[in-house]
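There are 2 protein chains.
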Amino acid sequence: MSASDLIRIMLVDDHAVVRAGVRRLLEQEARFLVVAEAESGERAYQQFGEHLPDITIIDLSMPGMGGIEAIGRIVARYPTAKLLVLSMHENAAFASQALKAGAKGYLVKNSLAEELVNALECLAKGQTYINANFTKKIAQQFLNDEINPLQQLSTREFEIFRLLAEGTDSNLIASSLNISSKTVANYQTSIKQKLGINNSVELVRLAIRSGLIDS
Amino acid sequence: MSASDLIRIMLVDDHAVVRAGVRRLLEQEARFLVVAEAESGERAYQQFGEHLPDITIIDLSMPGMGGIEAIGRIVARYPTAKLLVLSMHENAAFASQALKAGAKGYLVKNSLAEELVNALECLAKGQTYINANFTKKIAQQFLNDEINPLQQLSTREFEIFRLLAEGTDSNLIASSLNISSKTVANYQTSIKQKLGINNSVELVRLAIRSGLIDS
DNA sequence: ACAAAGTCGGGAGTTTTTCCTAGTGTATGT
DNA sequence: ACATACACTAGGAAAAACTCCCGACTTTGT
């Protein structure tokens, strides 16, 4: 292996344990070299300029400047930067946001070591890498994502969605809107179906994320 | 150093990266030896019996049987087991529930390596260890205990509350905890009653407000 | 040892949710 | 103008979830 094959890597994660873990996994392969670590988005941006790593492995949820913003700043300044997101969130929304911000790969933390190596090599070659069992999830939600899930709802559906998310009793919704509680129940089903959710937990989360209600 | 000083450790975390990270940190110190790893609560319980580690380092949020449940089971069978929680949740509710379930220490994942070593030595000596910058947080929230509704919940109730708030299907909860789905339903009722809420929407919002889950 | 509290689940009834069907009204386009 | 589409409404039937009540057993504390 020639020196040019060496892939210089920076690790960004607020958890020292995770940084150590990735470092350990990478040490198994001689062609990877960790040249820098950062525990925050701010530091990541600084360190990037100092070390100009080939690839940066970055977490999304960090205190202060989050990973997404850090990605945005780094890519803005260094458009050829290769950033691999290593997140614990198995959430398509997170992935698409990260990729939209300029990341070149997305991996969940419980992935195997081989997958990490695989992802790194993809990025090194200039490709984009996304977790295999994740692509379909993203593909599914991608359609809905661009549309903005709540936008699919009809006026009535949206109204009922809002009331449900606020915790309003179905019967109260019915009498407020002067419709049968049976109709409310039916709407509830169609709303969940349209939003692709199975339970009221996801319903609330979606409402909160959309800023419709606050926690 | 004599052989008897060797501290045999088991790691339990669903993220391979985290396990590798802890392992790496522990390898710096010759007196620690990782004798087993597990990626789930179920496996942890099995492995514990096989290896009988001096100390078990365990994560709380794992799919299937959660960490709290695993702690409970291990402590039930092996009352002298020393379990150190290594969680990413900087949340007093989690900590107190974990300790109530029988854990001997609580550490957040972004702690420094020295703190981990420190904690391990405390546990090895039979002491209890809690993160320094965490004790005051716990102390703070301890005062609000009367106010903090989640504190009213029993271990089991809390566990089920968490799973419900995460949107886990009742039947899945039942099978994860090896109890009847009827029991889960009954718990659900008592949880709502204790927390003074009427529907699952409020349940989720409470969980989010408490930092138990994020939106 | 006794009381108090936690865990577990059956019984029985109520409520909610789902899935299907179906009527009405209102656009939209050809 | 007429067909087509879709939103709004709601009933019926069945399934699923929830509530309330109770009893058994275990753990814990005094």
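Just so you know, the sequences run in chain order Y and D.
Numbering-wise, this note's numbering puts 19 at position 19 of the first sequence, and it's gapless, one number per residue.
Numbering-wise, this note's numbering puts 1181 at position 181 of the second sequence, and it's gapless, one number per residue.
Cβ atoms here follow ideal geometry from the backbone N, Cα and C, with glycine treated the same way.
A quick note: this is a predicted structure, and the numbers were derived from the prediction, not measured.
Would a check of beta-carbon distances place Y:R43 closer than 8 Å to chain D?
For the purposes of this step, residue 43 of chain Y is taken as residue 43 along the first sequence, with counting starting at 1. Chain D contact via Cβ: absent.
Report buried or exposed for Y:P53, applying the criterion of at least 16 other Cβ atoms within 10 angstroms of its Cβ.
Reading the first sequence from its first residue, position 53 is the one you call residue 53 of chain Y. By the 10 Å Cβ count, Y:P53 comes out buried.
Once DSSP output is grouped into helix, strand and coil, what is the label at Y:L11?
Sequence index remark: in the first sequence, residue 11 of chain Y carries index 11 (1-based). Strand, per DSSP.
Report the residues of the stretch 197-210 of chain Y with a CB closer than 8 Å to any CB of chain D, ordered along the chain.
N198, N199, S200, V201, E202, L203, V204, R205, I208, R209
Are the beta-carbon atoms belonging to Y:G102 and Y:C122 less than 8 Å from one another?
For the purposes of this step, residue 102 of chain Y is identified with residue 102 of the first sequence, where counting begins at 1. For the purposes of this step, residue 122 of chain Y is identified with residue 122 of the first sequence, where counting begins at 1. Going by C-beta atoms, Y:G102 is not nearer than 8 Å to Y:C122.
Does Y:D59 get closer than 8 Å to chain D when you measure Cβ to Cβ?
Residue numbering aside, residue 59 of chain Y sits at position 59 when the first sequence is read from its first letter. Chain D, which has no Cβ nearer than 8 Å to the Cβ of Y:D59, makes this no.
So with Cβ pairs under 8 Å, would you call D:D1014 a contact of chain Y?
The residue you call residue 1014 of chain D lines up with position 14 of the second sequence. Yes, contact with chain Y.
What residue range does the beta strand (DSSP E) around Y:N87 cover?
Here residue 87 of chain Y refers to the residue found at position 87 when the first sequence is read from its first residue. Here the sequence assigns Ser to residue 87 of chain Y, which means Asn is not the residue at that position. First-last of the beta strand (DSSP E) with Y:S87: 82-87.
Mind checking the stretch 16-34 of chain Y against chain D and listing, in chain order, the residues whose C-beta falls within less than 8 Å of any C-beta there?
A16, V17, V18, R19, A20, G21, V22, R23, R24, L25
CA-CA distance, Y:K194 and D:S1061?
Locating residue 194 of chain Y in the first sequence gives position 194, counting from the first residue. Locating residue 1061 of chain D in the second sequence gives position 61, counting from the first residue. One C-alpha to the other measures close to 30 Å.
Smallest Cα separation from Y:A165: which of D:F1032, D:T1080, D:N1118, D:S1200?
What you label residue 165 of chain Y is simply residue 165 of the first sequence in a count that begins at 1. Cα-wise, what sits closest to Y:A165 is D:S1200.
Label D:Q1047 either buried or exposed according to how many other C-beta atoms from any shown protein chain fall within 10 Å of its C-beta, with 16 as the threshold for buried.
Walking along the second sequence from the start, residue 1047 of chain D turns up at place 47. D:Q1047 should be labelled buried.
How about Y:A44 and Y:I58: do their beta carbons lie closer than 8 Å?
Position 44 of the first sequence holds residue 44 of chain Y. Position 58 of the first sequence holds residue 58 of chain Y. Cβ distance < 8 Å, so Y:A44 and Y:I58 count as in contact.
With distances taken between CB atoms, is the gap from D:R1031 to D:L1006 smaller than 8 Å?
Position 31 of the second sequence, counted from the start, is the residue given in the question as residue 1031 of chain D. Position 6 of the second sequence, counted from the start, is the residue given in the question as residue 1006 of chain D. A contact, by the Cβ cut-off of 8 Å.
Complete runs of the beta strand (DSSP E) confined to the stretch 20-56 of chain Y [at least 3 residues]:
32-38
Would you call the stretch 1153-1172 of chain D in contact with the stretch 1200-1212 of chain D, where contact means no fewer than 3 C-beta pairs closer than 8 Å?
yes
Name the chain Y residues whose beta carbon is nearer than 9 Å to that of D:A1113?
By one-based count along the second sequence, residue 1113 of chain D stands at place 113. Within chain Y, the residues near D:A1113 are A16, V17, A20.
For D:S1180, I'd like the list of residues in its chain whose CB is within less than 7 Å of its CB, leaving aside the five on either flank, ordered along the chain.
Taking the first residue of the second sequence as position 1, residue 1180 of chain D is located at position 180. Here the set comprises A1174.
Less than 8 Å separating the beta-carbons of Y:A119 and D:G1021?
If you number the first sequence from 1, residue 119 of chain Y lands on position 119. If you number the second sequence from 1, residue 1021 of chain D lands on position 21. Going by C-beta atoms, Y:A119 is not nearer than 8 Å to D:G1021.
Could you please give me the residues that DSSP links to Y:I130 through a beta bridge?
Taking the first sequence and counting its residues from 1, the one referred to as residue 130 of chain Y is at position 130. For Y:I130, which the question treats as bridged, DSSP gives the partners Y:Y106.
Among residues of its own chain, excluding the 5 on either side of D:E1082, which ones have a beta-carbon nearer than 6 Å to its beta-carbon?
Here the question's residue 1082 of chain D lines up with position 82 in the second sequence. A small fix is needed here, since residue 1082 of chain D is Lys in this sequence, not Glu. I1055, K1104, L1123, listed in sequence order.
Residues within the stretch 1060-1083 of chain D neighbouring chain Y, beta-carbon criterion of under 8 Å
none
Please list the partners that D:A1165 has in chain Y, where partner means a Cβ-to-Cβ separation under 9 Å.
Within the second sequence, numbered from 1, the residue matching residue 1165 of chain D stands at position 165. Neighbours of D:A1165 on chain Y, chain order: V201.
Look at D:D1014 and D:E1039 and say whether their C-beta atoms are less than 8 Å apart.
In the second sequence, counting from the first residue as 1, residue 1014 of chain D sits at position 14. In the second sequence, counting from the first residue as 1, residue 1039 of chain D sits at position 39. A contact, by the Cβ cut-off of 8 Å.
Report the neighbours of D:N1110 on chain Y: residues whose CB is nearer than 7 Å to its CB, in chain order.
One-based indexing of the second sequence puts residue 1110 of chain D at position 110. In chain order: D14, H15, A16.
Note down the Cα distance separating Y:N171 from D:L1116, rounded to an integer number of angstroms.
On the first sequence, residue 171 of chain Y is found 171 positions in, with the first residue counted as 1. On the second sequence, residue 1116 of chain D is found 116 positions in, with the first residue counted as 1. Taking the straight line joining both Cα atoms gives about 53 Å.
Going along the chain, which unbroken runs of the beta strand (DSSP E) with 3 or more residues stay wholly within the stretch 161-197 of chain Y?
none
Closer than 8 Å to chain D by CB, Y:M10
Locating residue 10 of chain Y in the first sequence gives position 10, where the first residue counts as 1. Y:M10 does not count as touching chain D.
For D:E1146, does the count of other Cβ atoms within 10 angstroms reach 16, so buried, or fall short, so exposed?
Locating residue 1146 of chain D in the second sequence gives position 146, where the first residue counts as 1. Bear in mind that a pLDDT of 45 at D:E1146, under 50, signals an unreliable position, so the model cannot answer this.
Can you tell me which of the three DSSP states D:I1058 falls into?
The sequence position of residue 1058 of chain D within the second sequence is 58, counting from 1. In the structure shown, D:I1058 sits in a strand (DSSP, three-state: E or B).
Minimum C-alpha distance to D:I1008 - residue among D:V1017, D:A1016, D:E1027, D:I1074
The sequence position of residue 1008 of chain D within the second sequence is 8, counting from 1. The identity of residue 1008 of chain D in the sequence shown is Arg, whereas the question assumes Ile. Nearest of D:V1017, D:A1016, D:E1027, D:I1074 to D:R1008, Cα basis: D:E1027.
Counting only C-beta atoms, is D:S1215 closer than 8 Å to chain Y at any point?
By 1-based counting over the second sequence, the position of residue 1215 of chain D is 215. Cβ-Cβ to chain Y under 8 Å: yes for D:S1215.
So, at 7 Å on beta carbons, what are the nonlocal neighbours of D:E1029 in its own chain, with the 5 sequence-adjacent residues on each side left out?
The count along the second sequence starts at 1 and reaches residue 1029 of chain D at position 29. Same-chain partners within the cutoff: V1117.
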